[in-house]
Every structure is written in structure tokens, then in C-alpha cells.
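J.: Quick one: structure below, then a few questions.
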Amino acid sequence: MNDLKLPLKFRLLHWGVAFIIILNLFILEEGKQIHRYLGYACVAFVFIRLLISKGRKVSHYNEKAKYVYWLMWTAIGGLGITGFLMGLDRFFGNQLLEDIHEIISNSLIALIVAHLGGVFFDAYKNKRKTWLLMFTGEKFK
Ligand code: HEM
Ligand code: HEM
1 MNDLKLPLKF
11 RLLHWGVAFI
21 IILNLFILEE
31 GKQIHRYLGY
41 ACVAFVFIRL
51 LISKGRKVSH
61 YNEKAKYVYW
71 LMWTAIGGLG
81 ITGFLMGLDR
91 FFGNQLLEDI
101 HEIISNSLIA
111 LIVAHLGGVF
121 FDAYKNKRKT
131 WLLMFTGEKF
141 K
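In the numbering used here, the protein residues as written are 1 to 141.
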């Protein structure tokens with residue numbers, strides 16, 4: 001994919017995912033209906049993200065950051081799966097699932113910290129406005 005700008009759909013998905021994660025991590029009451037629906041929406045966004053870039057390389061991102069992104073997507077999927085299982089009668093009140101859900105969400109916080117650190121480190125080292133990529137679609141202005 002060689003568009004100069006990062007297409008809007010990638011930016012919208014990014015902010016959708018970021019917004020939901022912040023809500024679910026820090027703002028909404030844990031495990032309530034709204035938490036679940038938004039959590040599933042977030043999982044859906046990850047799928048859409050994978051589908052729209054299938055077979056194509058998104059060349060706008062920092063190559064070295066790709067592991068962080070893969071881990072973030074995987075963490076979101078893991079939260080969806082453990083969250084879904086917790087809701088089944090069979091696993092109602094299952095402490096292990098709750099613990100795993102919590103461990104994954106804590107790991108996600110660590111990944112977000114690494115992500116933000118990476119964005120600002122890239123901006124500093126390469127003297128460009130890296131963060132603008134997710135706003136205007138370009139980071140070299
Ligand atoms: C963006 C995705 C999600 C994030 C960031 C997230 C994050 C969290 C966090 C931080 C907690 C509190 C953990 C604790 O301290 O005990 C929690 C609890 C919970 N989450 Fe999620 N979650 C997500 C998706 C989901 C989904 C998709 C479901 C289910 C459909 C779900 C169901 C629950 C339930 C039932 C609890 C309460 C568990 C308990 O009683 O400790 N979550 N979640
Ligand atoms: C909860 C918070 C956040 C999460 C979960 C998150 C997640 C992600 C993910 C998954 C990607 C890869 C995007 C893709 O594959 O299409 C990404 C890229 C990016 N994000 Fe975030 N993000 C968050 C917050 C932010 C914030 C606050 C900023 C701006 C300061 C930001 C700026 C960027 C930039 C510039 C990229 C592309 C960087 C590059 O590799 O060149 N993100 N983010």
C-alpha cells in the first residue's frame with residue numbers, strides 16, 4: 001500500500017480501539033453489560049483491521065513497532081475470549097478466567113505504555129511528528 005496518507009479507515013479503527021480500551025480499563029464498571037458490548041466491538045475492530053489489510057503491507061507504520069501491535073491485537077482477542085467464557089453458565093464465577101482476563105488487561109496497559117513511549121521516542125530520534133500519523137495521516141509535516 002503506497003498511499004502517501006494513512007487511509008482514514010485505519011485512523012478511525014485506531015481511535016475506536018484506543019477509546020474503547022481506555023473506557024474498559026479505567027472508566028466503566030468492570031464486567032457490566034456496556035463493558036461487554038464495547039469489548040466485543042473492540043474485538044470486531046481488530047478483525048476489520050486484519051481484513052482490510054489482508055495480503056497488503058501497511059507501510060506507514062514503524063517496522064520495529066509491529067510486535068507491539070501484534071501483541072496488542074492478540075491481547076484484545078484474549079480479553080474477548082476470556083470475557084465470553086466468563087459469561088457462560090458453565091464458567092460462572094470462575095476465578096481462573098477472571099484472573100486471566102485481569103492479567104491480559106494489565107499486560108495491555110504495559111503495551112500501551114510501550115506504544116506511547118515508542119511513538120515519542122521515534123518522534124524525538126527521527127525528528128518528525130510521529131503522532132500526527134494517527135490524526136492527519138502524515139508524519140513528515
Ligand atoms: C477491550 C477489551 C477489554 C478490556 C480492556 C477489558 C478490561 C477489563 C478489566 C480491567 C477488568 C477488571 C479486572 C479486575 O480487576 O478484576 C475487566 C473485568 C471484566 N470483564 Fe473485561 N475487558 C475487555 C473486554 C471484555 C469482554 C469482551 C467481556 C465479555 C463479554 C468482558 C467481561 C468482563 C467481566 C465479566 C469482568 C468482571 C470480572 C470480575 O468479576 O473480576 N471484558 N475487564
Ligand atoms: C489505548 C490507547 C492506544 C492503543 C490501544 C493503541 C493501539 C495502536 C495500534 C494497535 C496501532 C497499530 C495500528 C494498526 O495496525 O492499524 C497503533 C499505531 C499507532 N498509534 Fe496508537 N494506540 C493507542 C493510543 C495512541 C495515542 C494516544 C497516540 C498518539 C499520541 C497513538 C499514535 C499512534 C501512531 C502514530 C501509530 C502508528 C505509529 C507507527 O508505527 O509509525 N496511539 N496504535
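Just so it is clear, CB atoms sit at the ideal spot from N, CA and C, and this is done for glycine as well. Source: prediction; values computed, not measured.
(1) Round the Cβ separation of Ile-48 and Leu-13 to the nearest angstrom and send it over; I've been treating them as touching at under 8 Å.
(2) Ends of the alpha helix (DSSP H) at Glu-102?
(3) Please give the ranges of any alpha helix (DSSP H) in the segment 14-99, keeping only runs that are unbroken, at least 4 residues long and fully inside the region.
(4) Let me check understanding here. Comparing Cα to Cα, which of Gly-118, Tyr-124, Val-43 and Leu-4 lies closest to Phe-19?
(5) Between the segment 51-66 and the segment 86-104, are three or more C-beta pairs nearer than 8 Å?
(6) In chain order, what residues of the same chain lie with their CB nearer than 7 Å to the CB of Ile-52, ignoring the 5 residues before and after it?
T.: On the basis of the supplied data:
(1) Position 48 of the sequence shown, counted from the start, is the residue given in the question as residue 48. Position 13 of the sequence shown, counted from the start, is the residue given in the question as residue 13. So it is a contact: roughly 6 Å between Cβ atoms.
(2) Residue numbering aside, residue 102 sits at position 102 when the sequence shown is read from its first letter. Run containing Glu-102: 95-125, per the alpha helix (DSSP H) assignment.
(3) Whole alpha helix (DSSP H) segments, 4+ residues: 33-52 and 66-87.
(4) Taking the sequence shown and counting its residues from 1, the one referred to as residue 19 is at position 19. Measuring from the Cα of Phe-19, the nearest candidate turns out to be Val-43.
(5) no
(6) Stepping through the sequence shown from its first residue, residue 52 is reached at position 52. Counting only Cβ-Cβ distances below 7 Å, and skipping sequence neighbours, we find Lys-9.
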